[in-house]
Ligand code: MF3
Ligand code: CO
Ligand code: CO
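Numbering (the working numbering), first residue to last: 1 to 253.
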């Protein structure tokens with residue numbers, strides 16, 4: 001979406017701040033012994049308490065056999081994104097992606113983190129930190145008039161320079177009016193290519209980074225993406241607002 005007035009802008013800021021606070025509270029609960037389904041219940045309750053609606057619940061998209069059944073995507077270890085919460089118990093040493101979306105005063109925001117459960121290996125910890133930094137680097141490139149390819153090139157160069165892989169099949173996206181909008185914002189690419197972002201646009205950047213090969217596959221129901229080599233992956237995401245000289249992070253707690 002493109003922000004049209006100060007009313008919309010306020011709803012965007014308020015919704016984004018609420019969502020970031022909610023995700024932070026959910027992330028604190030990601031400790032050994034909790035189930036992924038319990039994290040989803042906590043997320044849904046906090047969204048409703050904030051006056052929002054969980055935008056992922058019952059979301060339908062091409063290539064999937066059923067609407068998405070939860071409020072929170074929970075993706076453990078080799079699951080990259082869109083893991084479905086349920087009876088799975090988190091274990092010491094897991095890394096877990098938590099991705100959450102909310103509609104608040106008609107405006108959609110979307111944010112994700114990957115958290116370490118208990119004590120994780122040094123290489124998993126590095127994967128998580130590199131992915132967090134990749135998102136910061138991508139955001140740092142954004143300003144009015146930036147080519148979408150500039151963002152992808154910056155993220156890809158950093159991640160591959162650290163010896164990790166960048167997922168190609170899934171991308172960042174416009175957001176605000178819906179869960180997903182144009183334009184697509186890949187985490188790889190070439191400077192000076194693709195469309196341009198302009199002041200007032202609301203977009204979600206979301207690098208997905210793999211420890212091994214970047215090749216991924218999807219579950220039969222069309223939702224859960226995981227690495228083909230079964231090595232871990234990490235994911236961070238912010239909703240941002242493009243400004244004249246940079247970007248404002250909307251999903252900041
Ligand atoms: N949050 C995901 C994204 O970042 C989309 C989740 S759709 C769902 O684009 F249905 F899986 F929840
Ligand atoms: Co998301
Ligand atoms: Co997204």
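Cβ coordinates follow ideal geometry from the N, Cα and C atoms, glycine included.
Taking C-beta atoms as the reference points, residue 77 and residue 232 count as a pair closer than 8 Å.
When the beta-carbon positions are compared, residue 120 and residue 97 stay at least 8 Å from each other. Within the chosen limit of 7 Å, ligand 1 reaches the beta carbon of residue 73 through at least one heavy atom. Assignment of residue 160 by DSSP, reduced to helix, strand and coil, places it in the helix class. With contacts defined as CB atoms closer than 8 Å, residue 112 and residue 235 qualify as a contacting pair. Distance from the C-beta of residue 184 to the nearest heavy atom of ligand 2 is not below 7 Å. One residue after another in chain order, those with a Cβ under 7 Å from a heavy atom of ligand 1 are 56, 59, 61, 68, 73, 81, 82, 99, 101, 110, 112, 173, 179, 180, 204, 206, 223 and 237. In the three-state DSSP reduction, residue 181 falls in the strand class (E or B). Only exposed fits residue 6, as fewer than 16 other CB atoms lie within 10 angstroms of its CB. Annotation for residue 99: the continuous beta strand (DSSP E) segment containing it runs 95-104.
Unbroken alpha helix (DSSP H) stretches of 4 residues or longer found wholly inside the region 194-249: none.
Taking every protein chain shown into account, the CB of residue 32 has fewer than 16 other CB atoms within 10 angstroms, so this residue is exposed. Around the CB of residue 247, 16 or more other CB atoms lie within 10 Å, so the residue is classed as buried.
The beta carbon of residue 34 is closer than 6 Å to those of 90 in its chain, skipping five residues each way along the sequence. Shown here, residue 190 sits in coil according to DSSP, grouped into three states, outside any helix or strand. In the DSSP assignment, residue 110 falls within the unbroken beta strand (DSSP E) covering 107-116. Residue 124 counts as buried, since at least 16 other C-beta atoms from the protein chains shown sit within 10 angstroms of its C-beta. Collapsing the DSSP output to three states places residue 169 in coil. For residue 35, the three-state secondary structure derived from DSSP is strand. Spatial neighbours of residue 249 in its own chain (CB-CB distance under 6 Å, excluding positions within 5 residues in sequence) are listed in chain order as 238 and 240. DSSP, read as helix, strand or coil, puts residue 175 in coil.
Here the region 140-150 makes no contact with the region 48-59; the two share fewer than three CB pairs at distances below 8 Å. Residue 165 counts as buried, since at least 16 other C-beta atoms from the protein chains shown sit within 10 angstroms of its C-beta. For the set 3, 160 and 148, the Cα lying nearest the Cα of residue 209 is the one of 160.
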